[in-house]
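Undergrad:
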Amino acid sequence: MANNKETNSSSRNNMIIAVAGNPNSGKSTLINSIAGAKLSVGNWPGVTVEKNFAEFEFRGQHITLVDLPGTYSLSPYTQEEVITRNYLVHEKPDVIINVVDATNLERNLYFTIQLLELGIPLVIALNMSDETAQKGFFIDIEKMSSTLGCAVIPTVATKAEGVERLMEKAVEFAAGGVDHPYGSIFYGEDIEKAVAVILDEIKNKNNIEFPRWLALKLLEGDQLVAGEFGISTDAPFLAKATRHLKEAHSDDLETLMADARYSLAAGLTREVLKKPAKRKREMTQKIDAVVLNRFLGIPIFLIAMWFMFKLTFDISGPFSDWLDGVVSGPLTRWTNELLIAISAPDWIISLITKGVIAGVGAVFVFLPPIFAIMFFITFLEGSGYMARAAFVMDRMMHAIGLHGKSFIPLLMGFGCNVPAVYATRMLENQRDKILTALLIPLMSCGARLPVYVLFSAAFFSAYAGTVLWSLYILGIVLAVLMGLLFKNTLFRGEAPVFIMELPPYRMPTAKNLIIHTWEKGKHYLIKAGTWILAISVFVWFALNLPWGVESKKDSYLGRAGQVIAPVFEPLGFGTWEAASSLLTGVIAKEIVVSTMGEVYVPGADEEKEETPSIGEDIRQIVFSFGDAFVNAANNIFSTFGIATISVEEDEGTIGLKSVLVKNYTPLSAYAFMVFVLLYFPCFIVLIAMRHEFGTWKWAGVTIAYQTVLAWIVAFVIYQGGRLLGL
Amino acid sequence: MLPLALLNEGDIAEIVGCFDDKNRFFIEGMPRGLFRRGRGRHGWQYTNYLQSMGLRPGKQIEMINNGGQGPLVFRVDESRIALGRGAAMKIYVRRIQK
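As they're listed, the protein sequences go chains Z and D. Going by our numbering, the first sequence opens with residue 1494, and the numbers climb by one from there. Going by our numbering, the second sequence opens with residue 85, and the numbers climb by one from there.
(1) Using C-beta distances below 6 angstroms, list every residue in its chain close to glycine 2214 (chain Z), excluding the 5 sequence neighbours before and after it, in chain order.
(2) With a threshold of 8 angstroms between beta-carbons, can glutamate 1994 (chain Z) be considered close to chain D, or not?
(3) Cβ closer than 7 angstroms: which chain D residues qualify as neighbours of glutamate 2185 (chain Z)?
(4) For proline 177 (chain D), list the residues DSSP reports as bridge partners.
(5) Cα-Cα, which of Z:Phe1812, Z:Leu1789, Z:Gly1854 is closest to serine 1821 (chain Z)?
(6) According to DSSP, is leucine 1974 (chain Z) part of a helix, a strand, or is it coil?
(7) Can you pull the chain Z neighbours of glutamate 162 (chain D), defined as C-beta to C-beta under 7 angstroms?
(8) Within a Cβ cutoff of 6 angstroms, which residues of the same chain sit near isoleucine 1613 (chain Z), ignoring the five residues on either side of it in sequence?
(9) Exposed or buried, which one is tryptophan 1962 (chain Z) when buried takes at least 16 other CB atoms within 10 Å?
(10) Mind listing the chain D neighbours of phenylalanine 1666 (chain Z)? Cutoff is C-beta to C-beta under 8 angstroms, in chain order.
(11) In angstroms, rounded to a whole number, what distance separates the CA positions of alanine 1653 (chain Z) and leucine 1844 (chain Z)?
(12) Compute the Euclidean distance between the alpha carbons of alanine 1928 (chain Z) and phenylalanine 2176 (chain Z), then round it to the nearest angstrom.
(13) Please name the residue or residues paired with alanine 1547 (chain Z) in a DSSP beta bridge.
(14) I'd like to know if isoleucine 165 (chain D) contacts chain Z, where contact means its C-beta is closer than 8 angstroms to some C-beta of that chain.
(15) If you check the beta carbons only, do tyrosine 2211 (chain Z) and leucine 2075 (chain Z) fall under 8 angstroms apart?
(16) Can you check whether the C-beta of glycine 94 (chain D) is within less than 8 angstroms of a C-beta belonging to chain Z?
(17) Counting pairs of Cβ atoms below 8 angstroms between the region 1610-1626 of chain Z and the region 1756-1765 of chain Z, do you hit three or more?
(18) Of the residues Z:Ser2106, Z:Tyr1956, Z:Gly1958, Z:Asp1594, which one's Cα is nearest the Cα of proline 1516 (chain Z)?
(19) Chain Z partners of methionine 137 (chain D), CB-CB under 8 angstroms?
(20) What do you get for tryptophan 1706 (chain Z), buried or exposed, if any count of 16 or more other CB atoms within 10 angstroms of its CB means buried?
(21) Which residue's Cα is closest to the Cα of tyrosine 1998 (chain Z): Z:Glu2062, Z:Met1890, Z:Asp1887, Z:Glu1775?
(22) Output, in chain order, the set of chain Z residues within a Cβ distance shorter than 8 angstroms of valine 157 (chain D).
(23) Please tell me whether aspartate 2098 (chain Z) has its Cβ less than 8 angstroms away from any Cβ of chain D.
(24) Can the beta-carbon of isoleucine 180 (chain D) be found less than 8 angstroms from the beta-carbon of arginine 164 (chain D)?
(25) Out of Z:Gly1714, Z:Glu1721, Z:Ile1524, Z:Leu1761, which one is the CA nearest neighbour of glycine 1642 (chain Z)?
(26) Residues of chain D with a CB under 8 angstroms from the CB of asparagine 1888 (chain Z): which are they?
(27) Between the region 1742-1765 of chain Z and chain D, which residues of the former have CB atoms less than 7 angstroms from a CB of the latter, in chain order?
(28) Look at the alpha carbon of valine 1911 (chain Z) and the alpha carbon of arginine 2183 (chain Z), and state the distance between them as a whole number of angstroms.
(29) Would you call the region 1848-1862 of chain Z and the region 1890-1903 of chain Z touching, i.e. three or more CB-CB distances under 8 angstroms?
(30) Using only the alpha-carbon positions, how far apart do alanine 166 (chain D) and tyrosine 1878 (chain Z) sit?
(31) Provide the residue(s) that pair with lysine 1767 (chain Z) in DSSP beta bridges, ordered along the chain.
(32) Comparing the C-beta of tyrosine 2163 (chain Z) with each C-beta of chain D, is any distance below 8 angstroms?
(33) In the DSSP assignment, the alpha helix (DSSP H) including isoleucine 2057 (chain Z) goes from what residue to what residue?
(34) Write down the C-beta distance between glycine 1519 (chain Z) and valine 1592 (chain Z) rounded to the nearest angstrom, noting that I regard them as a contact closer than 8 angstroms.
(35) Apart from the five residues on each side of it in sequence, which residues of its chain come closer than 8 angstroms, Cβ to Cβ, to isoleucine 1701 (chain Z)?
(36) Is tyrosine 1998 (chain Z) close to chain D? Criterion is C-beta to C-beta, closer than 8 angstroms.
Structure below.
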C-alpha cells in the first residue's frame, strides 16, 4: 500500500504501471529488461509472496513499475490472485501491461479478458514471439488488437526486443492520449442483461471505480468483493437480476462466467492463431523423457541435489571462514587498538569488540551461503527444473504431508538452517512453507558439528563417526515423525491437490540470475542483520552484567544457568556450566563450544599473541582471500564427499576435553549432544522465520515444540540408558 | 470413456467432463468443488483452477508421463501440467489416438 498517496496525482508526476500475467509467461524477465538494476524485491504486505517493483525515469516521465504475482485468473482463491486483484482495484494503476505467452494464447487470453473487465488501460506484451516463430505459429496481431480494443506489442523479453515500443505505448495509454474502448468484452445477451440490471442498482453508490467489474463479481456471487462494498450476495436485486440466468443455464454462475470468458478466449484464439498441422518434437519433451523417467527420475534428482548442496556449501564455506577470520582477527584487533588509542573505557572496548563486531561477524558469515543458495534456487527455477523436482519427489514427500519441492529446503538444512528457511519461499502455498520451515531445524546443520566433534572425540573416540551419523539419522527420523504429527494436528485437512505447470526448459539469463540473487541476499543483510546485531549486544550484556562481575558464574547468564540447571538434572547434565552454554547456543550452536571453553576452563582463552602490524594484516587478508578461492575450487573438484560435513578437531580444545571427561559420562554426553541437536534453533533461524512469515508465531511454535522434543528425547536416552545399566 | 489417470503415455484424448466433490458429473466447464486450492477467508476454498489453467471439456490432451502411481504429466495446448492421481481419476476423457 506504499503507493497510495501518489495514485491521485498520478498522470502529472508519477505514473504507475502494473505488470500482470500468467506464471511462466516471461514476466519477470521482461521486467528485468525494462527496469534492470533499478529493480527492488520486497514482500507484499502480510504475506510471503515476493513483490518486485522499480522506480525510474522514462523519457522524462517518472514511473513506478509494479510486478504483480503470476496468476491464471482473477478469482479470489489463491494468495496470488487476491494480491493481484486487490492491487488493481485499490491502487488503480494508470496502465496495465499484460504479459501474454504467445505460445499459449488461449489460456493467457482468459486472464486478459478478466483484466479488461476492470476498464484500466491495457497494453498486451505478446511475449516469446521468437518461440512462436520457431514452432511455426502465426499470430494475426492486427486482428487481436482490434478485437480486444487494446494495443498488442510483440516482445522477446530475453533479448529485450520490443521493450522500448512497449513502454512508449504504455506511457501513451496511461496519459490518456489514446481513445481506448474500455470493457468492450461482450458476454452474450443473457449475461449482459443481468449485468445491466445490477449496474442500474449500484450506480447510485459512491466510491465505485469499476462498476462493470463490480457488477460481474456480484453476478458471480463473489462474497469477498460484495462484502467489501457492503452488499449482501443474497440481496433481493441480485436474485432478481440472476433469476433468468439461473433458470436458463445453471445455478453455478461462477462456472457459467468462467465458461463465457473461456469461450471468448477460445474463439479469439481460433481467429488469430494459425498452427502448423504437425507438432515438432521439442527439446523440452526430449529432456523430460529422461528427467521424469520412472527409473531415472529420482537418481537424477538426487545427483542434481548433491551437486547443488556441494556447490552451495563447499564454495561458500571458505569465504565464510575468510570473512570470519577477517572480522575476528584484524578487524577486532584494529578496533581494539583504535579504542585504546582514544582511551575508551574497558567495558566499551569489550562491548564493541565482543558484542557489536562479533554480531557483524555473525551476519557476514552467513552471507556467502545465503547468496549461493539464492543463486542456485534462482537458477533451478529459471531453468524449469524446479517444477520437475517437485514432480519427481512428490510421492515420497506426500507421506509426511509435504510437497515434493519441500525436499530441497530440507536438504539445504544440513548445510545451514538459515538459507534453508529462506529457500521455503520457492513453495507455492503458505501451509507447505510453514510446515517445511518447522521441520528444517531438525536437519542437523554445520554449526552443531563442532559440539558433536568435541564430545564424540572426548567420549567415543573409537567410533566417533558412527555416533556422528546416528545424530544425523535421529534428526531425519524425528523430522518424519514430527511431519506426520503436524500433518494431523496443526495442519489438519487435506493437502492441496498437486497441480502445477511444468514450464519449458530455458537457459536463465545471467542478468536475471544476478539481479535476483543480489536482491534476495541484500534483503537478508538488512533485515536479519539488524536483529542479529541487537541480540549479539544483548548477550554481551548478559555475560558481563552486573558491573564488574569477576566470574562468569555470577554474571546474569551464569545466574540464569544456575536457575535452569535443575531442569537438565534428569537428562544427566544439570550443571550451571552446561545450562549457560546451552543458553548462549541460541546465538549459533557452535558457540556452545566456546562458552564451554570459558566456563569450564577460565583464562585458557587469554593467551597473548604477537600483534601483527597493519601492513601484515592487510597482506594476510589478501592472501587468505586467495586461499579461500583455492579452497573453494579444491572443494569442487577434488572430493566426492562433502567437505562441510567432515570431522576436524580444533587444537585448542584438549584442555577442555579433559575437563569434560570429569564432568560427563558417555551416556550423559550423548544425551547432551542429542539435546544440542534438537533444542531450539539459533535465533538467526527464528529471525528468518519471522522474516519469511511476517509473524513470530511460527518461530514461537518451533521454540516450543523443539525444546519439549529435545527434553523428552534426551530424557528417554539418559534414563533409558541408565536402566540398561550404561 | 475412461479416467484421465488411465491413459497410457503417448495417448491423445479429448476431455469429456469431470466429477465434483459430490460425485456429480459435469460436461460443461470444470465444476468447482473438485480442486481445492489456496486458503480463503473461510478456510479451504474451492476453485475451478484447472479451467483457468486451460483444461476444460472439449480440450485435446496428450499423456506425457504416467508411471502408474503418483502424479502424472500431460500436455494441453503448449503447456505441460502435472496433476495428482486422485484428481486425474475424476476427469473423464475419450481416447482419440493410441
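Glycine included, C-beta positions come from ideal geometry on N, C-alpha and C.
TA: Checking against the coordinates, here is how it stands:
(1) Correct list, in chain order: Leu2160.
(2) Flagged as an interface residue toward chain D: glutamate 1994 (chain Z), by a C-beta distance shorter than 8 angstroms.
(3) For glutamate 2185 (chain Z), no chain D residue has a Cβ inside 7 angstroms of its Cβ, as the nearest lies near 17 angstroms away.
(4) Before going on, a small fix: residue 177 (chain D) reads as valine here, not proline. Valine 177 (chain D) is bridged to D:Leu86, D:Ile99.
(5) Per the Cα distances, Z:Gly1854.
(6) The answer is helix: DSSP assigns leucine 1974 (chain Z) an H, G or I state.
(7) Simply Thr1596, Asn1597.
(8) A distance below 6 angstroms between beta-carbons, with the five flanking residues on each side excluded, links isoleucine 1613 (chain Z) to the following residues of its chain, in chain order: Ile1589.
(9) Exposed, since its Cβ has fewer than 16 Cβ neighbours within 10 Å.
(10) Contact note: phenylalanine 1666 (chain Z) does not reach chain D at a C-beta cutoff of 8 angstroms; the least C-beta distance is about 26 angstroms.
(11) Distance between the alpha carbons of alanine 1653 (chain Z) and leucine 1844 (chain Z) is about 52 angstroms.
(12) Correcting the residue identity first, residue 1928 (chain Z) is leucine in this sequence and not alanine. So the alpha carbons of these two residues sit roughly 18 angstroms apart.
(13) Bridge partners of alanine 1547 (chain Z): Z:Leu1532, Z:Leu1558.
(14) It does: the Cβ of isoleucine 165 (chain D) has a partner Cβ on chain Z nearer than 8 angstroms.
(15) Cβ distance not < 8 angstroms, so tyrosine 2211 (chain Z) and leucine 2075 (chain Z) don't count as in contact.
(16) Taking Cβ atoms only, chain Z never reaches closer than 8 angstroms to glycine 94 (chain D), which makes this a no.
(17) With a cut-off of 8 angstroms, the region 1756-1765 of chain Z and the region 1610-1626 of chain Z do not count as touching, because too few Cβ pairs lie within range.
(18) Of Z:Ser2106, Z:Tyr1956, Z:Gly1958, Z:Asp1594, the residue nearest in Cα terms is Z:Asp1594.
(19) Residues of chain Z with a Cβ closer than 8 angstroms to the Cβ of methionine 137 (chain D) are, in chain order, Tyr1565, Arg1600, Ile1992, Glu1994.
(20) By the beta-carbon neighbour count (other beta carbons within 10 angstroms, threshold 16), tryptophan 1706 (chain Z) is buried.
(21) Nearest C-alpha to tyrosine 1998 (chain Z) among Z:Glu2062, Z:Met1890, Z:Asp1887, Z:Glu1775: Z:Glu1775.
(22) For the C-beta of valine 157 (chain D), the chain Z residues within less than 8 angstroms are, from N- to C-terminus, Asp1781, Leu1785, Phe1884, Leu1995.
(23) Because aspartate 2098 (chain Z) sits at a pLDDT of 47, beneath the cut-off of 50, its placement in the model cannot be relied upon, and the following sentence gives the value as read from the coordinates. False, the Cβ-Cβ gap to chain D never drops below 8 angstroms.
(24) No, the Cβ-Cβ distance between isoleucine 180 (chain D) and arginine 164 (chain D) is not below 8 angstroms.
(25) For the residues Z:Gly1714, Z:Glu1721, Z:Ile1524, Z:Leu1761, the minimum Cα distance to glycine 1642 (chain Z) belongs to Z:Leu1761.
(26) Here the sequence assigns arginine to residue 1888 (chain Z), which means asparagine is not the residue at that position. Those within 8 angstroms of arginine 1888 (chain Z) in chain D are Gln153, Gly154, Pro155.
(27) Those residues of the region 1742-1765 of chain Z that come within reach of chain D (Cβ to Cβ, closer than 7 angstroms) are Asp1745, Glu1747, Thr1748, Ala1751, Asp1752, Tyr1755.
(28) Each residue's alpha carbon lies about 12 angstroms from the other.
(29) Cβ pair count under 8 angstroms is below three, so no.
(30) Going from the Cα of alanine 166 (chain D) to the Cα of tyrosine 1878 (chain Z) covers about 13 angstroms.
(31) For lysine 1767 (chain Z), which the question treats as bridged, DSSP gives the partners Z:Phe1631.
(32) Cβ-Cβ to chain D under 8 angstroms: no for tyrosine 2163 (chain Z).
(33) Unbroken alpha helix (DSSP H) run through isoleucine 2057 (chain Z): 2049-2061.
(34) Going by Cβ atoms, the distance from glycine 1519 (chain Z) to valine 1592 (chain Z) rounds to 6 angstroms, so yes, they are a contact pair.
(35) Cβ neighbours of isoleucine 1701 (chain Z) within its own chain (closer than 8 angstroms, five residues either side excluded): Ile1695, Leu1707, Phe1722.
(36) Cβ-Cβ to chain D under 8 angstroms: no for tyrosine 1998 (chain Z).
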